[in-house]
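Chemist: Residue numbers (the working numbering): 7 to 260.
Glycine included, C-beta positions come from ideal geometry on N, C-alpha and C.
Nothing here was measured: the structure is a model prediction, and the numbers come from that model.
Let me give you the structure first, and then I'll get to my questions.
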């Protein structure tokens, strides 16, 4: 049987935001990445999201990003390695403390936006991120883009790493995500997303933007709550999983 974690980025609004929809999503996912307030989120929404995750027995992760609210953390920032270390350290520590105060334990860390993509490519940034996570808690699981430098750095440091793939993002031939400004970088139709998910989960491969197939490990599948039909998609994903001996469950700490 294949085991699959489904994760979703949340708390990425302000105040109440889309919380009513997020609560519906909690019923279908197994882990949640909670924004830490730098690229999005505020203390109230973060608390509500943590509480909802605890209610639905969803594993809680920190979702740190660049301090860029206007750009939603998707713009590159010229930060030093030490600044990146401190930035991740601060955000993960804050989310861990809030989770513990509300009766839970932090399970994992997944970077956001530009920081996620740059740490996947640049070994020095990957090392800074891994060191920050390890300095807080070496038992935390690192969610990282499948086949990336961040995966390598995490494994070299001895962290447990979950290689992440995406249901609705197109891939480049080198295994990186297609830039959002590229036409077709986000898969819109439910049929396209389901087909990509089937390929990733059952065959551990994906079709890239130029039509070739590449191999990718798939420990955890990311879905995005801003998709207009996300609840319907998640419902169909669970139905498909049952029919194909895929067990949807959170990643267990080793």
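Less than 6 angstroms between C-beta atoms, sequence neighbours within five positions excluded: which residues of the same chain meet that for residue 177?
Modeler: 212 and 214.
Chemist: Between which two residues does the beta strand (DSSP E) harbouring residue 263 extend?
Modeler: The first residue shown for the chain is 7 and the last is 260, placing residue 263 beyond what the model contains.
Chemist: Contact defined as beta carbons within less than 8 angstroms: I believe residue 44 pairs with residue 97. What is the distance between those atoms, to the nearest angstrom?
Modeler: Yes, they are in contact, since the Cβ atoms of residue 44 and residue 97 sit about 6 angstroms apart, within 8 angstroms.
Chemist: Where in the segment 154-225 do unbroken runs of the beta strand (DSSP E), each at least 3 residues long, occur, reported from the N-terminal end onward?
Modeler: The segment 154-225 contains these whole beta strand (DSSP E) runs: 166-172, 211-213 and 219-221.
Chemist: What three-state label does DSSP hand residue 250 in the structure shown?
Modeler: Three-state DSSP puts residue 250 in coil, outside helix and strand.
Chemist: Can you tell me whether residue 199 is buried or exposed, with buried defined as 16 or more other CB within 10 angstroms of its CB?
Modeler: Buried: at least 16 other Cβ atoms inside 10 Å.
Chemist: Going by the DSSP bridge assignment, what does residue 13 pair with across the sheet?
Modeler: Answer is 37 and 228, bridged to residue 13.
Chemist: Would you say the beta carbon of residue 86 comes nearer than 7 angstroms to a heavy atom of the ligand GTP?
Modeler: Within the structure as shown, the ligand GTP is missing, as the structure has no ligands at all.
Chemist: In three-state DSSP terms, what is residue 135?
Modeler: Reduced to three states, the DSSP call for residue 135 is helix.
Chemist: For the alpha helix (DSSP H) holding residue 101, just list the boundary residues, first then last.
Modeler: First-last of the alpha helix (DSSP H) with residue 101: 87-107.
Chemist: Who does residue 245 pair with in a DSSP beta bridge?
Modeler: Looking at the DSSP assignment, residue 245 forms no beta bridge with any residue, so it has no partner.
Chemist: What's the call for residue 154, buried or exposed, on a 16-neighbour Cβ count within 10 Å?
Modeler: So residue 154 ends up on the buried side.
Chemist: Can you check whether the CB of residue 41 is closer than 8 angstroms to the CB of residue 82?
Modeler: No. Outside cutoff.
Chemist: Leaving aside the five residues before and after residue 134 along the sequence, list all residues of the same chain whose C-beta is less than 6 angstroms from its C-beta, in chain order.
Modeler: Excluding residues within five positions, the ones whose Cβ falls inside 6 angstroms are 87, 90 and 91.
Chemist: With a CB to CB cut of under 7 angstroms and the five nearest residues on each side skipped, what residues in its chain are close to residue 141?
Modeler: The residues are 95.
Chemist: Which residues mark the beginning and the end of the alpha helix (DSSP H) in which residue 126 is found?
Modeler: Its alpha helix (DSSP H) spans residues 119-127.
Chemist: Would you report the Cα separation of residue 256 and residue 108, rounded to the nearest angstrom?
Modeler: Cα to Cα, the separation comes out at about 20 angstroms.
Chemist: Quick one: measure Cβ to Cβ for residue 118 and residue 147, integer angstroms, because I've assumed they're closer than 8 angstroms.
Modeler: Not confirmed; about 16 angstroms, so no contact.
Chemist: According to the neighbour-count rule (16 or more other Cβ atoms, all chains shown, within 10 Å of its Cβ), is residue 79 buried or exposed?
Modeler: By the 10 Å Cβ count, residue 79 comes out buried.
Chemist: For residue 231, which option in 101, 33, 10 and 187 has the closest C-alpha, if you only look at C-alpha atoms?
Modeler: The residue with the shortest Cα to Cα distance from residue 231 is 33.
Chemist: Within the continuous beta strand (DSSP E) that includes residue 79, where are the two ends?
Modeler: Where residue 79 is concerned, there is no enclosing beta strand (DSSP E), given that its DSSP letter is neither H nor E.
Chemist: Could you name the residues of the same chain whose beta carbon sits closer than 6 angstroms to that of residue 219, not counting the 5 residues immediately before and after it, in chain order?
Modeler: 211 and 213.
Chemist: Does the distance from the C-beta atom of residue 1 to that of residue 116 stay below 8 angstroms?
Modeler: Given that the chain is displayed from residue 7 to residue 260, the structure contains no residue 1 and the question cannot be resolved.
Chemist: Check residue 148 in the structure and name its three-state DSSP category.
Modeler: Three-state DSSP puts residue 148 in a strand.
Chemist: Where does residue 4 land, buried or exposed, given buried means 16+ other C-beta within 10 angstroms?
Modeler: The first residue shown for the chain is 7 and the last is 260, placing residue 4 beyond what the model contains.
Chemist: Mapping DSSP to helix, strand and coil, what is residue 71?
Modeler: Three-state DSSP puts residue 71 in coil, outside helix and strand.
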